[in-house]
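Residue numbers (my numbering): 184 to 746. Even for Gly, the Cβ is constructed at its ideal location relative to N, Cα and C.
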Ligand SMILES: [Zn+2]
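As structure tokens, this is what we get:
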């Protein structure tokens, strides 16, 4: 019967316009009132947010429920990312995802532990068959937590379509209290051709906004000629919570005609990194404002952009007047309206511009291979979104790779030639990024052919770091030769000063024990409920290895009587 129930799971979803979805199929994943600290499509670093971040009163341990019948089709546990996550496939083809969980329950927890012990790894990705872990709508599946790349206790909840594309969960009938209009951070105008001028200059600029009676804004009049585009930084607040969520829809009209639309109903994970093409990346790095460009440039396949005339650009002609309307909406339809009057005018002062371009021009569609000092840089075709002037320089063991105001879509590789470097123990070195503040960022560094090589998708300053210090290990809730019969856990702090923790393995009396690593507090935790320990005298052995292979072996004895 179980098999039959799931024969019809692969119904494809091919609708392109406003998706038609069931609005009464899924229940809430929590007992709490749904309040969001993040919504769908929100602009995050290198990706659009793929679900809802549901608030859990700043605490962990709230029950999480299957939102409809189905079965656990995937269990993912990682140190980063979703942390402890469950994926449930439903008979109508959708998958729901529950991320950053503190723990699972019942059969799911038991099955997961078994898999972890079998693989001797905390991190796992498993895909159980349909009959292994069936669930009913409303079944308790786990408790909310803060595992993985989570900045505080919450539940990350997703609904994916039959092609594993995340969809806006609010389309499915979830209600959030929101009567507040989106807030506009800034409006920008872009000169999109060489002969374009804006207010008699060549530059992109912010436009001054004056509030209007309807709660919207009137922008200062623009005098321009040629190809221009607009961009907007905006956020939305729900009722009674102050954090900034993303907006749902941005529509542009020119002289009352539909011109451009962006709407966050769904996207695919394959396209999410194009966010770096979509936003004004350099402006984000300079100002911290994420401006969404309301036009489609080359190398931007984003499916959230629809219904564009002239790709959202406006060709301003001499002596013509235009009224540009931008409507910024939240999911409920609260709208902030911005009016921008534009007049086509010849440039008044034609003073010669000195365009300062440093570096060399790199053609985006080509492979680019360059040597700078002891460094070799290899950029595959289409690593860049567009042809760009880049400034690469090297000085001794430091490489200046332009600056991170230019986005990279693909990994480039950076190699350091050891031939004339005279380094001893090259395996103790890694290539890392020099941070503006704090610790250097470690990149996985391969040593082969007398070269150190990393892959990176970030421009910036890189140098060689040497790490000869092994990780430190310190018990948190026990000490050597002590009785700890009352402990529910063994907790140990592990830290590494420079390259970072690469792996760890613990045994008690020679048997593997599962330790859960939490990078946010540098801790390893073993739960005695795993029931590995049968003896009174126990020898714990823990080996921790850093990213260049320095290792620490920690051994201790503790005593325990099962109560
Ligand atoms: Zn999230």
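If you draw a straight line from the alpha carbon of residue i to that of residue j, how long is it in whole angstroms?
| i | j | result |
| --- | --- | --- |
| residue 695 | residue 745 | 19 Å |
| residue 526 | residue 226 | 32 Å |
| residue 528 | residue 406 | 6 Å |
| residue 315 | residue 332 | 28 Å |
| residue 238 | residue 348 | 23 Å |
| residue 605 | residue 578 | 16 Å |
| residue 670 | residue 424 | 39 Å |
| residue 195 | residue 275 | Only weak support exists for where residue 195 lies, its pLDDT of 36 falling under 50; the value from the coordinates is given anyway. Taking the straight line from one Cα to the other gives about 10 Å. |
| residue 202 | residue 327 | 29 Å |
| residue 236 | residue 510 | 25 Å |
| residue 308 | residue 681 | 29 Å |
| residue 207 | residue 493 | 39 Å |
| residue 721 | residue 679 | 27 Å |
| residue 215 | residue 248 | 11 Å |
| residue 515 | residue 450 | 20 Å |
| residue 477 | residue 301 | 51 Å |
| residue 661 | residue 287 | 26 Å |
| residue 522 | residue 392 | 9 Å |
| residue 439 | residue 571 | 36 Å |
| residue 335 | residue 220 | 10 Å |
| residue 436 | residue 597 | 45 Å |
| residue 566 | residue 629 | 21 Å |
| residue 384 | residue 396 | 31 Å |
| residue 469 | residue 717 | 59 Å |
| residue 491 | residue 441 | 8 Å |
| residue 602 | residue 631 | 12 Å |
| residue 543 | residue 386 | 21 Å |
Would you please state the rounded distance, in angstroms, between the beta carbons of residue i and residue j? I believe it to be under 8 Å.
| i | j | result |
| --- | --- | --- |
| residue 530 | residue 555 | So it is not a contact: roughly 40 Å between Cβ atoms. |
| residue 520 | residue 399 | 4 Å |
| residue 338 | residue 246 | Not confirmed; about 10 Å, so no contact. |
| residue 591 | residue 545 | Between residue 545 and residue 591 the Cβ distance is about 11 Å, and since that is not below 8 Å, they are no contact. |
| residue 230 | residue 222 | No, residue 230 and residue 222 are not in contact; Cβ-Cβ is about 14 Å, not under 8 Å. |
| residue 413 | residue 550 | Residue 413 to residue 550, Cβ: 35 Å. No contact. |
| residue 667 | residue 707 | That pair is no contact at about 16 Å. |
| residue 713 | residue 296 | 7 Å |
| residue 341 | residue 234 | 3 Å |
| residue 638 | residue 594 | 4 Å |
Anyone know if the C-beta pair for residue i and residue j falls short of 8 Å?
| i | j | result |
| --- | --- | --- |
| residue 352 | residue 281 | no |
| residue 719 | residue 688 | no |
| residue 344 | residue 517 | no |
| residue 460 | residue 420 | no |
| residue 616 | residue 626 | yes |
| residue 415 | residue 354 | no |
| residue 749 | residue 372 | The question about residue 749 has no answer here: the residues shown for the chain are numbered 184 through 746. |
| residue 723 | residue 305 | no |
| residue 272 | residue 254 | yes |
| residue 653 | residue 735 | yes |
| residue 365 | residue 430 | yes |
| residue 691 | residue 659 | no |
Leaving aside the five residues before and after residue i along the sequence, list all residues of the same chain whose C-beta is less than 7 Å from its C-beta, in chain order.
| i | result |
| --- | --- |
| residue 599 | 557, 558, 614, 634, 635 and 647 |
| residue 685 | 728, 729 and 730 |
| residue 664 | 740 |
| residue 410 | 375, 376, 379, 496 and 498 |
| residue 737 | 656 and 725 |
| residue 394 | 400 |
| residue 188 | Residue confidence is low: residue 188 scores 40 on pLDDT, short of 50, so the model does not pin down where it sits. Its coordinate-derived value is still stated next. The residues are 274. |
| residue 751 | Residue 751 is absent from the structure shown; the chain starts at 184 and stops at 746. |
| residue 473 | 226, 416, 462 and 467 |
| residue 569 | 481, 482 and 547 |
| residue 290 | 316 |
| residue 427 | 418 and 420 |
| residue 261 | 306 and 331 |
Go through its chain and collect everything with a Cβ distance to residue i's Cβ below 8 Å, but skip five positions before and after it.
| i | result |
| --- | --- |
| residue 552 | 559, 560, 561 and 562 |
| residue 241 | 335 and 336 |
Using a Cβ-Cβ cutoff of less than 6 Å, which residues in the same chain neighbour residue i once the five nearest sequence positions on both sides are dropped?
| i | result |
| --- | --- |
| residue 465 | 588 |
| residue 710 | 672 |
| residue 583 | 576 and 644 |
| residue 284 | 267, 325 and 328 |
| residue 432 | 446 and 512 |
| residue 257 | 270 and 310 |
| residue 303 | 695 |
| residue 209 | 250, 251 and 355 |
| residue 279 | 250, 271 and 342 |
Counting pairs of beta carbons, one from the stretch 482–498 and one from the stretch 441–453, are three or more of them closer than 8 Å? Three or more beta-carbon pairs separated by less than 8 Å link the stretch 482–498 to the stretch 441–453, which places the two stretches in contact.
Is it the case that the stretch 701–709 contacts the stretch 614–629, given that we only count it when at least three CB pairs across the two stretches are under 8 Å? no
Per the contact definition of three or more C-beta pairs closer than 8 Å, is the stretch 298–318 in contact with the stretch 378–385? no
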